[in-house]
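Engineer: Residue numbers (this note's numbering), protein chains in the order written: chain W, 49 to 381; chain A, 49 to 381; chain B, 3 to 216; chain L, 3 to 216. Where is the CB? At the ideal position from N, CA and C, for every residue including glycine.
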Amino acid sequence: MKKLINDPADVVADALRGMAAAHPELRVDHENRVVFRGDAPVQGKVGLVSGGGSGHEPMHGGFVGLGMLDAACAGEVFTSPVPDQMAAATKGVDGGAGVLHIVKNYTGDVMNFEMAAELVAAESGTEVVAVVTDDDVAVQDSLYTAGRRGVGVTVLVEKLAGAAAEEGRPLAQVADVARTVNGQGRSMGMALTSCTVPAAGKPTFDLPDDEMEIGIGIHGEPGRRRVRLAPAREIAEMLLEPVLGDLDFTGGDGVIAFVNGMGGTPLLELYVMYAEVAAVLEKSGVRVARSLVGSYMTSLEMAGCSVTLLKVDEDLLRLWDAPVRTPGLRWGI
Amino acid sequence: MKKLINDPADVVADALRGMAAAHPELRVDHENRVVFRGDAPVQGKVGLVSGGGSGHEPMHGGFVGLGMLDAACAGEVFTSPVPDQMAAATKGVDGGAGVLHIVKNYTGDVMNFEMAAELVAAESGTEVVAVVTDDDVAVQDSLYTAGRRGVGVTVLVEKLAGAAAEEGRPLAQVADVARTVNGQGRSMGMALTSCTVPAAGKPTFDLPDDEMEIGIGIHGEPGRRRVRLAPAREIAEMLLEPVLGDLDFTGGDGVIAFVNGMGGTPLLELYVMYAEVAAVLEKSGVRVARSLVGSYMTSLEMAGCSVTLLKVDEDLLRLWDAPVRTPGLRWGI
Amino acid sequence: MADGLHTADLEAWIREFARVVAEHREELTALDSAIGDADHGTNMDRGMTAAVGALEAAPPADPAALLKQVGMTLVSKVGGASGPLYGTFFLRMAGALGPEPADAAAFARALRAGLEGVVARGKAEPGDKTMLDALVPACDALDEALASGKPLGAALEAAADAARQGRDATIPLVARKGRASYLGERSAGHQDPGATSTALLLDAAVSALAGSQS
Amino acid sequence: MADGLHTADLEAWIREFARVVAEHREELTALDSAIGDADHGTNMDRGMTAAVGALEAAPPADPAALLKQVGMTLVSKVGGASGPLYGTFFLRMAGALGPEPADAAAFARALRAGLEGVVARGKAEPGDKTMLDALVPACDALDEALASGKPLGAALEAAADAARQGRDATIPLVARKGRASYLGERSAGHQDPGATSTALLLDAAVSALAGSQS
Ligand SMILES: Nc1ncnc2c1ncn2[C@@H]1O[C@H](COP(=O)(O)OP(=O)(O)O)[C@@H](O)[C@H]1O
Ligand SMILES: Nc1ncnc2c1ncn2[C@@H]1O[C@H](COP(=O)(O)OP(=O)(O)O)[C@@H](O)[C@H]1O
Ligand SMILES: [Mg+2]
Ligand SMILES: [Mg+2]
Ligand SMILES: [Mg+2]
Ligand SMILES: [Mg+2]
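See the structure below:
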């Protein structure tokens, strides 16, 4: 295992020390492993809390700041944080207008956030609404699965609901934005290589040199199927076909097209992928209103990418363009 | 070779198509492989041109925009662009106030930029000044080398000279900022893995599982020495010792501390590294005024990092904080 | 100790579970690598190490307090799916026990209460390829053995046997809950990590508790 | 062709150089992997393929025009260190030749002018572990052989011999110029890629030109 770390057991704590040192505008609660906006709680504003296993950086800690999250809880690598963390985050961002939990649909995340909400309800009067993201078309949402996974759309939910909260919208409306975004977004990912969980010390799966995994999630888990390595052009088609097949993205105000790197894939390749994605979208009559290319939701050092499309309207576009100031996403301020 | 590409021969052209599609605010000259600010040339402003081999993304194309570069030339992977490209870029950004070439100190880059300047001088009256960056303390600047390599400081030069140009400073002063930054900056890098040049198809060097390269550049070249794998804490010391030994960074207005990922290293690990770098700096009496953590100057999918320190004064800090709007670096706008 | 399971017995069970989890940490993580995210061994080991640490720092006074402390520690130290599930399991067990030593029937009732907590929390059913596939047969076997008059020791052995069989029976299953369900058909052919740690929990019960009433 | 090297002869030389560069592309890149950035074979092949393409698209009228076109093509298609260096080499050769066919002495003078261009552009010296370590001995051997009355064919063979020896002699050297110099002592023990491609240039001259005046 080759990583820039100290003891594998300390990797999350060490990275949080680094975040605290690099971002004095944030406040890091090292005991609870929560990254807060420096000015949290913002009085009168809906507080946004997310979190999940570590190893997906910049998500979620890197999305804390004006116009996005108020707090993010960092679990162990690929392991949902515990209810205590989420409860501490919820209390810390409660500015009197309620708190939105943005939860990726994984059994662990959902249960831990649920327990946190129960804790908070028992202890304080804070109103908490949870929105669960589940945009991964690699997984069928059926009785026979834990439902679709929450992947790329989570980044967009955090930005757009964050902007809505920053505008002063009430909790119900901010939650509506989050639900709308999740409902209008779809994602699909692939991997060229596995990643190595620090505590495990070896790659989660082996992948021959001439094969790739299609339909992966973001926890280094194997995907739905293994196929022969293909050029970027074909990969774009493989990823977009199920996305476009699941929801009609044509017409209206177009889409936000998001090509996301899994952590070990350089930007050069993400732009090659984006060129192919844009070509498929053009051919399919899907208009790109905005785009995002980069490694925003990663799986440690996994090589690969995911593609997310989000159908937008004028309101969502305005929220997208609104100022955001976080370590991972910043514009307008 | 596992990469998200089509034909290895097309990787640069394909990535430029992706950049053009993803960034409508830029103008991409596909024939000359130059990324321009959409509004270039900006009348009355000094034009900033840089460029180099591809494979270092977001550098340089991702640093084109308000407050940074006016144009960037993309060479083949790890191969300096040709004089024709630089000449086209220079002409395209000439707003009447002259053009600054920001050149990393590599034999190829220096010679090609020189030939471009000769071409431009022969064809037009555009005043061109070149500043060569050479901040890599892994290499001794002596008669027995091609001089120090230009590495991490180049990103900072592009930001700071870009801000000076945006402020309306004349060419000589903008060039002075660039030279000052280069003179006050030092870097040192390391690799955990090699990278694979697409056209070569296999890793540039082999590195056993328990070893790392210290003193690497940004072209996948082997470093100065190979040592046993070490924890982040020791790596931070190995990188900072020669940096701190080469220039006194204590006192004054402090430093910009820049921990850069080589492309295949996830942000989680870069924050772990930054925590250790910050600890060494604190112990050494170096005050951190600003920091930058991320993969800004990469070597394809190489795993590893570099550390750059830049001694700053009030003017440089103001230029650092000035608005910048590029795909790779953005704030204040 | 013919008068039932004391705090010390349950503590021995927890310590033994912690020990076997640590011993099998790599195996649990390897199982989770195949159909999950390679952390089940690390998760359980972190949680049980913390649980034992908490017992030492603040020794609980009675069986219910002990299992409650273990449950709380797991909930607040593990995370993931196994934290809430094993946490809820022990919390519900604690809720079903009184402060007094538990006899065999009380222990079996508590175990089933724990099982029901796992179902309530995780909404899985037997056959979904989860820890339930070890826990349900274990509870059934325990009840049956006690009903047929077997002593606790033999009954726990029957329960542990059933848990191991349930664990093995997860191999051909296609997962319908948890992370492994994302793999669809590809999840078949692999043993469920959570069912494996649950089988260890019953093994630990045999080692630590079977002697208590025999 | 006792009257000297015609445009067609030089074109044959360029074509032959392009052919051997393509043939040795992987080898050149492998050499550059060890002490550089793994692109010398790709660079030279891209450049020479373009040079031959340009010759076909717009056949130059005379020797000087031909070599100028090759030089210009290399400058604008190769990049890196080898683009300006080989480009300058051919441009300076072109500058030293007239429009008329070149006799052996004129060819040797042109080759030395090319060499001087490389020195002016790259500021390296013999012993720095660069293409000069093949080019300098080649020019010296050519001059010497012609001075001692050998025909062009034999003289070129002597030059190619010297280039190959110079190439081999780069192996123990510690690089002082170019990318390999960053490696310091670690550059010793590896053959310089540029010296290797230069030896191919002289080999190509033997294959394409040695017959012209014999
Ligand atoms: N809904 C559920 N009900 C019961 N057990 C579950 C459920 N979901 C997952 N599990 C169990 O949890 C185990 C995985 O635990 P662990 O790896 O620690 O958590 P995570 O899946 O969050 O990484 C699975 O092997 C399975 O036995
Ligand atoms: N200053 C110089 N003078 C002469 N030749 C040089 C000089 N620098 C480098 N070279 C030659 O260039 C070769 C490398 O070419 P290439 O790999 O194409 O370019 P780059 O080093 O830019 O990747 C070296 O092997 C060496 O022979
Ligand atoms: Mg997990
Ligand atoms: Mg090169
Ligand atoms: Mg797991
Ligand atoms: Mg090279």
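(1) Over the uninterrupted alpha helix (DSSP H) stretch that includes Leu12/L, give me the two end residues.
(2) Per DSSP, which one or two residues make a beta bridge with Leu114/W?
(3) Cβ closer than 8 Å: which chain W residues qualify as neighbours of Ala56/B?
(4) Is the number of C-beta pairs between the region 115-122 of chain W and the region 94-103 of chain W that are closer than 8 Å three or more?
(5) Let me confirm a value: Ser216/L is counted as buried when at least 16 other C-beta atoms fall within 10 Å, else exposed. Which label applies?
(6) Say the cut is 7 Å; is the CB of Val23/L nearer than that to a heavy atom of ligand 2?
(7) Kindly indicate the opening and closing residues of the beta strand (DSSP E) around Ile262/A.
(8) In whole angstroms, what separates the C-alpha of Thr374/A from that of Pro246/A?
(9) I want to see whether chain A comes within less than 8 Å of Met3/L, judged by CB atoms only; does it?
(10) With DSSP as the reference, label Gly86/A as helix, strand or coil.
(11) Against chain W, with Cβ distances strictly below 8 Å, would Cys121/A count as a contact?
(12) Hey, would you say the C-beta of Thr75/B is under 7 Å away from at least one heavy atom of ligand 3?
(13) Would you check whether ligand 6 has a heavy atom nearer than 7 Å to the C-beta of Asp41/L?
(14) From the DSSP output, in three-state form, read off Ala186/W for me.
(15) Would you check if the distance between the CB atom of Asp182/A and the CB atom of Asn153/A is smaller than 8 Å?
(16) If Val230/A sits next to Val205/A, beta carbons under 8 Å apart, how far is it from one beta carbon to the other, in whole angstroms?
(17) Three-state secondary structure (DSSP) at Lys93/W?
(18) Using a Cβ-Cβ distance under 8 Å, would Ala108/B count as near chain W?
(19) Do the region 196-213 of chain L and the region 151-161 of chain L touch if we need at least three Cβ pairs shorter than 8 Å?
(20) Leaving out the 5 sequence neighbours to the left and right, which residues in its chain are closer than 7 Å to Leu277/A when beta-carbon positions are compared?
(21) Measuring CA to CA, which of Gly168/B, Ala53/B and Ala177/B is closest to Asp135/B?
(22) To the nearest angstrom, how far is it from the Cα of Leu204/L to the Cα of Ala162/L?
(23) Would you say the beta carbon of Arg181/B is closer than 7 Å to some non-hydrogen atom of ligand 5?
(24) Measure the C-alpha to C-alpha separation of Ala149/L and Thr198/L and round it to an integer number of angstroms.
(25) Report the rounded CA-to-CA distance for Gly173/W versus Ala145/W, giving the unit in angstroms.
(26) Below 8 Å CB to CB, which residues in the same chain sit around Val360/W once its five sequence neighbours on both sides are set aside?
(27) Taking C-alpha atoms, which residue in Tyr192/A, His71/A, Leu167/A and Pro218/A lies nearest to Gln91/A?
(28) Measure from the alpha carbon of Arg281/A to the alpha carbon of each residue in Gly268/A, Lys331/A and Thr252/A, then state which is nearest.
(29) Looking at Ala323/A and Arg81/W, is the spacing between their C-beta atoms short of 8 Å?
(30) To the nearest angstrom, report how far apart Leu167/W and Asp363/W are at their CA atoms.
(31) Using 10 angstroms around the beta-carbon of Gly43/L, count the other beta-carbons present and answer buried if the total reaches 16, otherwise exposed.
(32) Note down, in chain order, every chain L residue with its Cβ under 8 Å from the Cβ of Pro131/A.
(33) Could you check which residue in Val141/A, Ala326/A and Met159/A has the C-alpha nearest to that of Ala194/A?
(34) Check whether the Cβ atoms of Asp184/A and Val199/A lie closer than 8 Å to each other.
(35) Grouping DSSP H, G and I as helix and E and B as strand, with all else coil, what is Arg272/A?
Structural biologist: The answer reads as follows:
(1) Judged by DSSP secondary structure, Leu12/L falls within the alpha helix (DSSP H) whose first and last residues are Thr9 to Glu25.
(2) Paired residues: Arg373/W.
(3) None at all; the shortest Cβ gap to chain W is about 14 Å.
(4) The region 115-122 of chain W makes contact with the region 94-103 of chain W; the number of CB pairs closer than 8 Å reaches 3 or more.
(5) Summary for Ser216/L: the model assigns pLDDT 41, below 50, so the residue's position carries little reliability; its value from the coordinates is reported in the next sentence. So Ser216/L ends up on the exposed side.
(6) No, ligand 2 has no heavy atom inside 7 Å of this Cβ.
(7) For Ile262/A, the enclosing beta strand (DSSP E) begins and ends at Glu259 to Ile262.
(8) When rounded, the separation of the alpha-carbon atoms in Thr374/A and Pro246/A is 27 Å.
(9) Only weak support exists for where Met3/L lies, its pLDDT of 41 falling under 50; the value from the coordinates is given anyway. So no, Met3/L is outside the interface.
(10) coil
(11) no
(12) no
(13) yes
(14) coil
(15) yes
(16) For the record, residue 230/A in the displayed sequence is Asn; it is not Val. Asn230/A to Val205/A, Cβ: 6 Å. Contact.
(17) coil
(18) Closer than 8 Å: no.
(19) The region 196-213 of chain L makes contact with the region 151-161 of chain L; the number of CB pairs closer than 8 Å reaches 3 or more.
(20) Same-chain partners within the cutoff: Asp258, Glu259 and Met260.
(21) Gly168/B
(22) 5 Å
(23) yes
(24) Approximately 26 Å, taken between the alpha carbons.
(25) 11 Å
(26) Gln232, Gly300, Asp301, Gly302, Val303, Ile304, Ala337, Arg338 and Trp368
(27) Taking only the C-alpha atoms, the option nearest Gln91/A is Pro218/A.
(28) Lys331/A
(29) no
(30) 34 Å
(31) buried
(32) Val77, Ser78 and Pro86
(33) Nearest C-alpha to Ala194/A: Met159/A.
(34) yes
(35) coil
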